[in-house]
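**Q** First the structure, which I've put down as structure tokens, then a few questions once you've had a look.
Numbering (UniProt numbering), first residue to last: 1 to 337.
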């Protein structure tokens with residue numbers, strides 16, 4: 001969502017909601033591009049029902065052990081076309097460069113983006129989105145490229161402050177420093193309270209291999225700030241996975257659902273969602289693991305299987321004489337059968 005200020009002041013009180021977009025020099029593209037990635041077979045899988053016909057077409061062949069095939073019904077192969085097909089030998093880097101790199105570039109220039117991973121349980125959504133420490137997926141690679149590109153052009157902490165209503169306020173340096181010091185003290189208290197809850201040593205001991213790609217067309221006259229939020233939509237309830245709410249250890253309950261709202265420009269947002277400013281991929285990924293841990297706790301509270309929708313949001317904001325806001329959502333769809 002692009003935003004600009006109509007006031008001449010470099011530090012407007014509120015972030016206006018809309019900025020006219022500059023004409024794009026690139027060729028027009030489809031608003032939605034659908035890619036297909038084929039997962040390699042597991043050890044206990046034998047039949048291959050997906051055949052790659054070309055770099056954008058697959059054919060689904062009915063397996064011989066299917067009920068339709070055994071009953072003698074006429075079951076024919078079907079072909080399906082995509083923007084591009086990645087076979088089982090495709091690596092994480094090539095998938096990221098093709099699917100997500102341009103979206104990160106648009107984010108840096110204040111445009112919105114969405115990455116939606118869809119598939120049945122076990123189809124490889126988590127591998128594609130997060131990957132492994134030594135071979136990251138779309139999310140960590142996108143963060144790497146984002147921070148590699150904006151580098152030293154980031155603003156000092158707390159210059160931008162989310163207003164919980166899909167906008168941002170801009171503070172002077174003195175107010176920003178006071179706000180930053182206050183938040184640091186709050187984080188220290190929360191960290192001390194959470195020591196007894198334990199930590200995932202497998203996560204904290206990971207050695208990650210970053211993606212070194214970057215964009216060189218970043219406007220050096222701008223200042224950039226990155227915020228992340230992490231929410232889950234479960235049975236029509238919206239849970240803020242980064243919210244530091246007090247938990248009843250004896251009788252734990254699911255947190256209160258957030259409300260979906262519409263701003264004056266009819267943009268949808270989650271009211272009051274936690275937005276954490278991060279200055280590096282490591283800080284952003286720490287928030288991702290924090291939210292993932294909380295999501296696992298929510299699953300324990302409700303073990304019934306259901307469709308789940310998990311959203312991780314990266315928000316890049318840049319400021320010159322105006323303030324613009326680009327929103328990137330990476331969104332795996334969990335549990336669909």
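The beta-carbon is built from N, C-alpha and C at its ideal position, and this holds for glycine as well.
Keep in mind the model is a prediction, meaning the values are calculated, not measured.
Quick one: Cα of residue 115 to Cα of residue 288, how far?
**A** Looking at the two C-alpha atoms, the distance is approximately 16 Å.
**Q** Could you give the first and the last residue of the continuous beta strand (DSSP E) run that contains residue 113?
**A** 113-117 is the extent of the beta strand (DSSP E) around residue 113.
**Q** Grab the span of the alpha helix (DSSP H) containing residue 140 for me, first residue to last.
**A** Start and end: 138-150.
**Q** Can you say whether residue 275 is buried or exposed, counting buried as having 16 or more other CB atoms within 10 angstroms of its CB?
**A** Residue 275 is buried by the Cβ-count criterion.
**Q** Can you name, in chain order, every residue of its own chain whose Cβ lies under 8 Å from the Cβ of residue 143, other than the five neighbours on each side?
**A** The residues are 281, 284, 285 and 314.
**Q** Compute the Euclidean distance between the alpha carbons of residue 149 and residue 61, then round it to the nearest angstrom.
**A** Distance between the alpha carbons of residue 149 and residue 61: 44 Å.
**Q** In whole angstroms, give me the CA-to-CA distance for residue 79 and residue 257.
**A** Using only the alpha carbons, I get a separation of about 42 Å.
**Q** Comparing alpha-carbon positions, which option in 215, 298, 186 and 213 lies nearest residue 235?
**A** Per the Cα distances, 298.
**Q** What first and last residue would you give for the alpha helix (DSSP H) that runs through residue 260?
**A** Looking at the DSSP string, residue 260 is not in any alpha helix (DSSP H); the run it does join, the beta strand (DSSP E), is 260-262.
**Q** Since residue 85 contacts residue 52 with CB under 8 Å, what's their CB separation in whole angstroms?
**A** Residue 85 to residue 52, Cβ: 6 Å. Contact.
**Q** Kindly indicate which three-state DSSP category residue 327 falls into: helix, strand or coil?
**A** Three-state DSSP puts residue 327 in a strand.
**Q** Could you say if the segment 166-185 and the segment 128-135 meet the contact criterion of at least three C-beta pairs nearer than 8 Å?
**A** They do not touch, by the three-pair rule.
**Q** With DSSP run on the structure shown, which of helix, strand or coil describes residue 80?
**A** Strand, per DSSP.
**Q** Suppose you measure from the CA of residue 106 to the CA of residue 98; what does that come to, to the nearest Å?
**A** The straight-line gap from Cα to Cα measures roughly 14 Å.
**Q** Provide the residue(s) that pair with residue 57 in DSSP beta bridges, ordered along the chain.
**A** Its beta-bridge partners are 54 and 81.
**Q** Suppose contacts are defined by Cβ-Cβ distances below 7 Å. Is residue 209 in contact with residue 90 by that definition?
**A** Going by C-beta atoms, residue 209 is not nearer than 7 Å to residue 90.
**Q** According to DSSP, is residue 291 helix, strand or coil?
**A** Note: residue 291 maps to helix in three-state DSSP.
**Q** Could you check if residue 233 belongs to the surroundings of the ligand ADP, using beta carbon to heavy atom distance under 6 Å?
**A** Inclusion of the ligand ADP in the displayed structure is not the case, the ligand content being empty and no account of it being possible.
**Q** Let me know the secondary structure DSSP gives residue 160 once reduced to three states.
**A** Of the three classes helix, strand and coil, the one that applies to residue 160 here is strand, per DSSP.
**Q** Alpha carbons only, please: which of 39, 278, 136 and 269 is nearest the one belonging to residue 160?
**A** Among 39, 278, 136 and 269, the Cα nearest to that of residue 160 belongs to 278.
**Q** Using 8 Å for Cβ pairs, my map puts residue 83 next to residue 56. What's the rounded Cβ distance?
**A** Indeed they touch by this definition, with Cβ atoms about 7 Å apart.
**Q** DSSP three-state call for residue 92: helix, strand or coil?
**A** Note: residue 92 maps to helix in three-state DSSP.
**Q** The beta strand (DSSP E) that contains residue 169, what's its start and end?
**A** From DSSP, the beta strand (DSSP E) with residue 169 extends over 168-170.
**Q** Check whether the Cβ atoms of residue 327 and residue 291 lie closer than 7 Å to each other.
**A** Cβ atoms of residue 327 and residue 291: not closer than 7 Å.
**Q** Between residue 176 and residue 156, what straight-line distance do the alpha-carbon atoms span, to the nearest angstrom?
**A** Going by the C-alpha atoms only, they are around 8 Å apart.
**Q** In whole angstroms, give me the CA-to-CA distance for residue 213 and residue 227.
**A** Taking the straight line joining both Cα atoms gives about 21 Å.
**Q** Starting from residue 276, trace the beta strand (DSSP E) in both directions and tell me its first and last residue.
**A** Residue 276 -> beta strand (DSSP E) spans 276-278.
**Q** Across which residues does DSSP place residue 97 in a beta bridge pair?
**A** Per DSSP, none; premise fails for residue 97.
**Q** Determine which residues share a DSSP beta bridge with residue 132 and list them.
**A** Residue 132 pairs with 135.
**Q** Whole angstroms are fine: how far does the CA of residue 265 sit from the CA of residue 18?
**A** In this prediction, residue 18 scores a pLDDT of 42, lower than 50, which makes its location untrustworthy; no coordinate-derived value is stated.
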